[in-house]
Amino acid sequence: MPDGTGRPVYVSVAVSHERDAAAAVEEVTAALPLPATCFVLIFVPEHLPRDVLAAELDRQMGGVPVFGCTTAGQITPEGYETDALMAVAFPKKHFRCSSALIEPLNPLSIKAIASEARRQDTQFQHTAGWSRLALVFADGLSKQEDLLVSTLVTALEDLPIFGGSAGNGLDFRETFVLHRGRFHTNAALLLLIETDLVFEGLGFDHFLPTDTRMVVTDALPEERLVLEINGAPAAAEYARIVGCPVDHLSPEIFAENPILVRQNEAYHVRAIQGARGGQALSFLSAIDDGLLMTLGRGKEIIETLEAGLDVRGPRGEAPDFILGFDCVLRKLEIEQKQLTDPVSKILSAARVFGFNTYGEQHRGVHVNQTFVGVSFFDPVRRDLH
Numbered sequence: 001m002p003d004g005t006g007r008p009v010y011v012s013v014a015v016s017h018e019r020d021a022a023a024a025v026e027e028v029t030a031a032l033p034l035p036a037t038c039f040v041l042i043f044v045p046e047h048l049p050r051d052v053l054a055a056e057l058d059r060q061m062g063g064v065p066v067f068g069c070t071t072a073g074q075i076t077p078e079g080y081e082t083d084a085l086m087a088v089a090f091p092k093k094h095f096r097c098s099s100a101l102i103e104p105l106n107p108l109s110i111k112a113i114a115s116e117a118r119r120q121d122t123q124f125q126h127t128a129g130w131s132r133l134a135l136v137f138a139d140g141l142s143k144q145e146d147l148l149v150s151t152l153v154t155a156l157e158d159l160p161i162f163g164g165s166a167g168n169g170l171d172f173r174e175t176f177v178l179h180r181g182r183f184h185t186n187a188a189l190l191l192l193i194e195t196d197l198v199f200e201g202l203g204f205d206h207f208l209p210t211d212t213r214m215v216v217t218d219a220l221p222e223e224r225l226v227l228e229i230n231g232a233p234a235a236a237e238y239a240r241i242v243g244c245p246v247d248h249l250s251p252e253i254f255a256e257n258p259i260l261v262r263q264n265e266a267y268h269v270r271a272i273q274g275a276r277g278g279q280a281l282s283f284l285s286a287i288d289d290g291l292l293m294t295l296g297r298g299k300e301i302i303e304t305l306e307a308g309l310d311v312r313g314p315r316g317e318a319p320d321f322i323l324g325f326d327c328v329l330r331k332l333e334i335e336q337k338q339l340t341d342p343v344s345k346i347l348s349a350a351r352v353f354g355f356n357t358y359g360e361q362h363r364g365v366h367v368n369q370t371f372v373g374v375s376f377f378d379p380v381r382r383d384l385h
């Protein structure tokens, strides 16, 4: 793992805490090598007005394509932050990119999305010796990420897909993706990226299944809304199981008492967004009648973070940087346990740059309360004979 004293070699990162959108954009653009840049990813805090920000990015970025989304927090060179405008510039020397805006997400057309993804992949000319991955940034309140990701996995076949759902702090009100100078809601951004760097995906959470099982006995799947668990009102039954008064249910309680669903041999978190009227539970991932759920128990979050980020390249080297998508519920739990500083130091030392999400996309599955990332290493040097 990098020791945190150096900057990444293969991307440039700029951060601004300015409260004024124009000043914030001016600060980050001044720190980026725009003439050598292929594209920029930008992660947006709550306080900056979107329309002004989009216009300033369009005006100040010198024609460099800018993509990104609103967030529930940023992961900067300092670790966790909530008020930082962060830009990551990917150089032409090592990256190529093709973008597509998918809208609307709801209602979602599987046929149209699959067709657009295949067209984009076909028209994006391959560079000999370079590898490809896809990044997906989706409206985190669209309730369509599960179907979106499964459609893209089928359409793009062997292409690895990673990403995060756009956020809106803890308001859960509306989220946006940025494409071609405009912020869009009820939409997703698909980026096909080609690089000569070696890369490897990673994904981990810090939960183990307990012996406490539940079954969904009434749900509205299209709304990700569970009305009943074990034949009782969902919020009341969940509160009983975790030992909390129903009127005390909160994001912090949900973060520490996650719902797990088994898929093949692995358990994935199906995070609870909120309790509606003390009766129903709204989720951030797909849910359905008859679904068997398991209550999760937390493992040591510092140890699992260090172990999860301890990845190595082909020559045993640490990553140059990690593009990271970390669920906001993980951040909430970390804050509640007063672990923000040590976690931020770990993220900084590992050169993780990214944002806190409303959901993560990993290996063709939409998950919650998970860290998903892409680690990038030195290019493989090929001898010329």
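Quick note: the sequence shown uses full-length UniProt numbering, first residue 1, plus one each step.
Idealized CB from N, CA, C, for every residue including glycine.
| field | Proximity winner among S16, G181, L108, relative to E27 (alpha-carbon distances) | value | In the sequence shown, counting from the first residue as 1, residue 27 sits at position 27. Comparing Cα positions, the closest option is S16.
| Taking DSSP as the reference, what is the three-state secondary structure of L148? | On the sequence shown, residue 148 is found 148 positions in, with the first residue counted as 1. Residue state, collapsed to three classes: helix.
| task | State the start and end residues of the unbroken beta strand (DSSP E) segment that holds E200. | result | The sequence position of residue 200 within the sequence shown is 200, counting from 1. Segment 197–204, the beta strand (DSSP E) holding E200.
| request: Sort out for me which residues DSSP pairs F254 with in a bridge. | output: The sequence position of residue 254 within the sequence shown is 254, counting from 1. Beta-bridge pairing links F254 to no other residue.
| task | Assign S375 to one of three DSSP states: helix, strand, or coil. | result | Along the sequence shown, read from residue 1 onward, the residue named residue 375 stands at position 375. Strand at S375.
| request: Report yes if the CB atom of H184 is closer than 8 Å to the CB atom of F176, and no otherwise. | output: On the sequence shown, position 184 is the one that residue 184 refers to. On the sequence shown, position 176 is the one that residue 176 refers to. It is a contact, given that the beta carbons lie within the stated cut-off.
| Buried versus exposed, by CB contacts within 10 Å (16 or more), R351 | Against the sequence shown, residue 351 aligns to sequence position 351. Its Cβ being crowded by 16 or more others within 10 Å, R351 is buried.
| request: Could you work out which residue in V136, V374, Q369 is closest to L260 when comparing CA atoms only? | output: The residue labelled residue 260 in the question sits at position 260 within the sequence shown. If we check each option's Cα against that of L260, Q369 comes out closest.
| field | C-alpha gap between P2 and L309, whole angstroms | value | Indexing the sequence shown from 1 puts residue 2 at position 2. Indexing the sequence shown from 1 puts residue 309 at position 309. Only weak support is given to the placement of P2: the predicted model assigns it a pLDDT of 44, under 50, and the value that follows is read from those uncertain coordinates. Answer to the nearest angstrom: the Cα atoms are 11 Å apart.
| task | For V215, count neighbouring Cβ atoms within 10 angstroms of its own Cβ and tell me buried if that reaches 16, exposed if not. | result | Position 215 of the sequence shown, counted from the first residue, corresponds to residue 215. Result: exposed.
| message | Checking 8 Å against the spacing of the C-beta atoms, do L189 and H94 come in under that value? | response | Residue numbering aside, residue 189 sits at position 189 when the sequence shown is read from its first letter. Residue numbering aside, residue 94 sits at position 94 when the sequence shown is read from its first letter. The answer is no: Cβ separation not under 8 Å.
| field | Cutoff 6 Å; reference A286; Cβ partners in own chain excluding five residues on either side | value | Residue mapping note: residue 286 aligns to position 286 of the sequence shown, counting from 1. Closer than 6 Å at Cβ, skipping near neighbours: D146.
| query | Can you tell me whether D320 is buried or exposed, with buried defined as 16 or more other CB within 10 angstroms of its CB? | reply | Along the sequence shown, read from residue 1 onward, the residue named residue 320 stands at position 320. Burial state of D320 is buried, judged by a 10 Å Cβ sphere holding 16 or more other Cβ atoms.
| request: Please work out which residues of its chain come closer than 6 Å, Cβ to Cβ, to S165, disregarding the five sequence neighbours upstream and downstream, and give them in chain order. | output: On the sequence shown, residue 165 is found 165 positions in, with the first residue counted as 1. Counting only Cβ-Cβ distances below 6 Å, and skipping sequence neighbours, we find A138, G140, E145, T357, Y358, G359.
| query | From H126 to A72, what distance separates their C-alpha atoms? | reply | Within the sequence shown, residue 126 is the residue found at index 126, counting from 1. Within the sequence shown, residue 72 is the residue found at index 72, counting from 1. A straight-line Cα-Cα distance of about 35 Å links H126 and A72.
| Are any of the Cβ atoms in chain C nearer than 8 Å to that of L133? | Given the protein chain composition of this structure (a single chain), no chain C is represented.
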